[in-house]
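Everything below concerns the one structure shown next.
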Amino acid sequence: GLEHNERGTPSARASDHHEQLDKRRRKLETFDFGADWGRCDGTGDTALVSFGSASAAADEAAARLAERGTSVRTVALRLLAPLPLAGLERALAGCSRVVVVEQNHGAQLYHYLKGRLNLPLESLAIPGPVPLNPETIAEVVGARQVT
């Protein structure tokens, strides 16, 4: 595809394309996102990790679990690549259980995190066109271990 070189001149050269891709990657990898890499709420030794629209359902499930006496922390990722490993590991420190909540069939976030984190993770991947149900999440997380 059409790219531009360092001077901003349009170019179809593969070398310009690679240079610009590398430049964008370096910017992302070296940028300090601070606390904006994600949102962390709550306490407890169980964490619900999510991203996108699944985060609201995970937050509501955590609130319902808290009403039932189970304290759960939530981690809503805002940045997936590059994965903010240091922040995520700090957010999950002390957790004995980490459940990755997502709305898809293949448990994509779970597998991505499993390959990057040295933590025992569980997957709660619920596919379908209907938004995730917080009560379903709360019941599954509160009742038993998920896969």
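Note that the sequence shown covers residues 960 to 1106 in this note's numbering. Each residue gets a CB set at the ideal place from its N, CA and C atoms; glycine is no exception. Note that this is a predicted model, so its numbers are computed, not measured.
Going by DSSP, what residue range makes up the beta strand (DSSP E) through VAL1058?
Unbroken beta strand (DSSP E) run through VAL1058: 1056-1061.
Under 8 Å between the Cβ atoms of VAL1099 and LEU1078?
Result no, Cβ atoms of VAL1099 and LEU1078 do not sit closer than 8 Å.
Counting only runs that start and end within the segment 978-1066, where is the beta strand (DSSP E) found for 3 or more residues in a row?
Fully enclosed beta strand (DSSP E) runs of 3 or longer: 997-1000, 1005-1010, 1031-1036, 1056-1061.
Do ASP1000 and ARG1032 come within 8 Å of each other at the CB atom, strictly closer than that value?
Their beta carbons are under 8 Å apart, which means ARG1032 touches ASP1000 by this criterion.
Using a Cβ distance threshold of 8 Å, determine whether the segment 1009-1018 contacts the segment 1084-1099, with at least three qualifying pairs required.
As far as the Cβ criterion goes, the segment 1009-1018 touches the segment 1084-1099, which means the pair count is three or higher.
Over the uninterrupted beta strand (DSSP E) stretch that includes ALA971, give me the two end residues.
Segment: none, ALA971 is in no beta strand (DSSP E) and carries neither H nor E.
On the three-pair Cβ rule with 8 Å, is the segment 1079-1086 touching the segment 1048-1057?
The segment 1079-1086, when compared against the segment 1048-1057, does touch it at the 8 Å Cβ threshold.
Under 8 Å between the Cβ atoms of ALA1052 and VAL1034?
The answer is no: Cβ separation not under 8 Å.
For the alpha helix (DSSP H) containing GLU965, name the first residue and the last one.
No alpha helix (DSSP H) contains GLU965, which DSSP labels as neither H nor E.
Taking the alpha carbon of VAL1089 as the reference point, which residue from ARG983, LEU987, SER1012 has its own alpha carbon closest?
Nearest option by C-alpha distance: SER1012.
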